[in-house]
Amino acid sequence: MLPAGGTVLCAVSGGADSMCLLHLAARLGAERGFTVAAAHYNHCLRGAESDRDEAFVRDWCGENGVEFYAGAGDVAARAARLGQGVEETARQMRYAFLRETARSLGADRIATAHNADDNAETLLLHLVRGSGLQGLTGIAPRRGELVRPLLTTPRTEIEAYVSEHGVPFVEDSTNADTAFTRNRLRREILPLLRELNPRLTESLSDTIRYLRNDNDYLNARAAEACLNARWAEDDLVIEARYIAALPAAIAPRAARRLLEMMGDGDTDCSAAHLNAIVDLCRGDDPSAVTFLPGGRMAQRVYKELLVTRQADPLPPFEAVPLKLDGVTRAGDWRVECRPADGPADARPDGYHFILEAAALEGGAVLRPRAQGDEITLPRRSTKTVKKLFIDEKIPRYARERIPVLACGGELLAVAGLGAQEKYLARPDRAGYELLFTPMKERMEG
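According to full-length UniProt numbering, the sequence shown is numbered sequentially starting from 1.
1) Pick helix, strand or coil for histidine 165, following the three-state DSSP scheme.
2) In three-state terms, what does DSSP make of asparagine 197?
3) What does the Cβ neighbour count give for proline 368, buried or exposed, with the cut at 16 atoms within 10 Å?
4) Under three-state DSSP, which class holds histidine 43?
5) Taking just the CA atoms, how far does arginine 186 sit from glycine 265?
6) Apart from the five residues on each side of it in sequence, which residues of its chain come closer than 7 Å, Cβ to Cβ, to leucine 366?
7) If contacts are defined as beta-carbon pairs under 8 Å, then alanine 240 and leucine 246 qualify, I think. What distance do you get, rounded to the angstrom?
8) Report the partner residues of glutamine 299 according to the DSSP bridge assignment.
9) Is alanine 248 near the ligand MG, in the sense that its beta carbon is under 7 Å from a heavy atom of that ligand?
10) In its own chain, which residues sit with a C-beta less than 6 Å from the C-beta of threonine 384, not counting the 5 before and 5 after it?
11) Using the rule of at least 16 other Cβ atoms within 10 Å of the residue's Cβ for burial, across every protein chain shown, is aspartate 284 buried or exposed?
12) Please classify methionine 1 as buried or exposed, where buried requires at least 16 neighbouring CB atoms within 10 angstroms.
13) Closer than 8 Å is the cut-off here; do at least three beta carbon pairs connect the stretch 405 to 415 with the stretch 131 to 142?
14) Touch check for the stretch 94 to 108 and the stretch 36 to 51: three-plus C-beta pairs under 8 Å?
15) Asparagine 115: buried (16+ other C-beta within 10 angstroms of its C-beta) or exposed?
16) Taking histidine 352 as part of the beta strand (DSSP E), name the residues at either end of that continuous run.
17) Say whether the stretch 423 to 433 touches the stretch 354 to 363, bearing in mind that this needs 3 or more beta-carbon pairs closer than 8 Å, one atom from each stretch.
18) Can you give the Cα-Cα distance for tyrosine 432 and threonine 376, rounded to whole angstroms?
19) Expressed to the nearest angstrom, what Euclidean distance is found between the alpha-carbon atoms of residue 454 and glycine 73?
20) Quick check: the stretch 225 to 239 against the stretch 195 to 213, are there 3 or more CB pairs under 8 Å?
21) Does the beta-carbon of methionine 443 have 16 or more other beta-carbons within 10 angstroms, so that it is buried, or is it exposed?
22) Just to confirm before moving on: does the CB-CB distance between valine 237 and alanine 107 stay below 8 Å?
23) If we call anything under 8 Å between Cβ atoms a contact, is aspartate 17 one with alanine 140?
24) How many angstroms separate the CA atom of leucine 388 from the CA atom of glycine 418?
25) Can you give me the C-alpha to C-alpha distance between valine 170 and aspartate 206, rounded to a whole angstrom?
26) Quick check: the Cα distance between isoleucine 243 and glutamine 84, rounded to an integer number of angstroms?
27) Can you look up isoleucine 189 in the DSSP assignment and give me helix, strand or coil?
28) Quickly, what does DSSP pair leucine 236 with across the bridge? List them, please.
29) Work out the CA separation of alanine 413 and arginine 429 for me, nearest whole Å.
30) For histidine 165, does the count of other Cβ atoms within 10 angstroms reach 16, so buried, or fall short, so exposed?
31) Can you name the residues that DSSP bridges to glycine 431?
32) What residues match up with phenylalanine 436 in a beta bridge as DSSP calls it?
33) Return yes when the Cβ of leucine 258 is within less than 8 Å of the Cβ of histidine 273, no when it is not.
34) Please go through the same chain and pick out, in chain order, the residues whose beta-carbon is closer than 6 Å to the beta-carbon of arginine 94, but skip the five residues on each side of it.
35) Compare the Cα-Cα distances from arginine 91 to each of Glu63, His43, Asp53 and report the closest residue.
36) May I ask which residues mark the beginning and end of the alpha helix (DSSP H) holding glutamate 260?
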């Protein structure tokens with residue numbers, strides 16, 4: 001999980017778990033030869049307490065020589081705009097910040113402080129709400145660059161570690177609020193279960209490990225079947241027989257895998273939706289269709305299954321000149337621009353960056369993408385905008401509504417993806433700060 005010679009970005013809230021992770025990673029990094037950095041996301045949900053947490057982590061990192069990166073966002077406003085829960089919105093925004101920071105930093109891993117008790121709580125929550133095998137496997141130890149080094153460590157051991165090493169931490173006041181389901185489970189239900197089994201965390205950790213082994217095997221068989229799928233532009237096509245022939249324990253998993261291949265790994269499709277896809281493959285109707293959440297659809301086209309998005313492409317917006325000190329409306333986006341010097345520790349993301357002032361001389365415009373548009377994002381190779389949209393799984397119907405910033409025939413930035421690396425402002429050089437904000441959440445499908 002923590003490779004020698006690499007860089008590990010630790011997600012640090014300031015609580016005991018994350019401070020234990022950061023302290024331990026810093027010690028191991030010195031011993032094993034990897035670099036450690038810390039990232040803190042301020043959700044702006046607890047007023048002065050949120051700001052206190054950020055300042056605490058920043059100060060600790062400064063005192064201990066750990067590189068520190070901070071992000072912030074108005075979680076409550078975004079949750080209201082999207083009509084979804086605050087906790088889910090906070091998670092989405094936090095992980096987007098962590099991944100963008102890791103990318104700009106060149107980090108090999110993002111480490112979070114989930115522990116064995118968190119995993120046990122997740123299993124019980126899924127069991128209470130109703131879940132298949134996938135949900136009963138708890139929190140994944142690793143998913144791509146995301147790792148959880150403390151996942152098999154009980155909270156009691158973490159508390160002992162921070163006490164023994166004198167590691168400071170802050171308390172989140174909302175952890176005591178039993179209006180949150182997880183807090184109620186942790187404070188009221190788990191103590192009762194531990195009266196029945198004092199080793200409850202260890203027992204549930206064993207159960208999760210057994211279930212994960214079974215689940216991994218079934219998913220591997222489903223993935224093998226999906227190797228027969230092929231891309232037709234942005235659509236995924238597979239001969240229906242490959243899904244129809246699978247056992248009942250594997251076929252719905254293959255349907256989910258197809259959706260994941262389209263970039264919908266966090267799909268909200270229910271078991272009924274997945275079974276409907278399987279029924280398409282096993283049925284006799286050569287043109288049957290099933291509609292899925294998020295504007296997706298699965299369609300039987302004679303002997304093949306087509307997985308696509310049902311929405312028609314949105315029309316492109318009219319190109320508009322960029323106001324160099326003000327707000328410009330470009331399609332469904334709001335673009336703020338103001339004079340600013342390039343910061344020495346600039347860590348731009350896809351929505352917020354500072355460009356050299358000279359790059360905008362001559363009249364910059366916000367326009368839809370054009371054929372042949374290319375861009376070199378920080379720490380990445382040159383790609384066409386079309387290829388980036390495909391790589392980032394941006395729905396085809398939404399692509400003409402995403403503004404690109406251009407000046408004098410040069411592409412400077414793409415909203416949500418980032419800026420041309422060579423035009424990013426250097427330290428203490430005159431520039432313009434740009435903030436891209438989607439007015440409608442079309443990119444989320």
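Even for Gly, the Cβ is constructed at its ideal location relative to N, Cα and C.
Computed from a predicted structure; not experimentally measured.
Walking through what the data contain:
1) coil
2) Coil at asparagine 197, not helix or strand.
3) buried
4) coil
5) Only weak support is given to the placement of glycine 265: the predicted model assigns it a pLDDT of 49, under 50, and the value that follows is read from those uncertain coordinates. Taking the straight line joining both Cα atoms gives about 28 Å.
6) Ala319, Val320, Leu322, Thr328, Ala330, Val335, Pro403, Leu405
7) That pair is no contact at about 11 Å.
8) Glutamine 299 pairs with Val289, Leu306.
9) The ligand content of the structure shown is nil, which means the ligand MG is not present either.
10) Glu374.
11) exposed
12) Classified as exposed, methionine 1 has fewer than 16 neighbouring CB atoms from the shown chains inside 10 Å of its CB.
13) no
14) yes
15) buried
16) 352 to 356
17) Contact holds: three or more Cβ-Cβ distances are below 8 Å.
18) 19 Å
19) The structure shown has nothing for residue 454, since the chain only spans 1 to 445.
20) no
21) Reliability fails at methionine 443, whose pLDDT of 36 lies under 50, so the model's placement of it is uncertain and no value is given.
22) no
23) no
24) If I take the Cα positions, the gap works out to 11 Å.
25) Going from the Cα of valine 170 to the Cα of aspartate 206 covers about 31 Å.
26) So the alpha carbons of these two residues sit roughly 33 Å apart.
27) helix
28) Trp231, Val307
29) A straight line joining the alpha-carbon of arginine 429 with that of alanine 413 spans about 19 Å.
30) Within a 10 Å sphere around the beta-carbon of histidine 165 sit fewer than 16 other beta-carbons, which makes this residue exposed.
31) Glycine 431 is bridged to Ala340, Glu356.
32) Val335
33) no
34) Tyr41.
35) His43
36) For glutamate 260, the enclosing alpha helix (DSSP H) begins and ends at 251 to 261.
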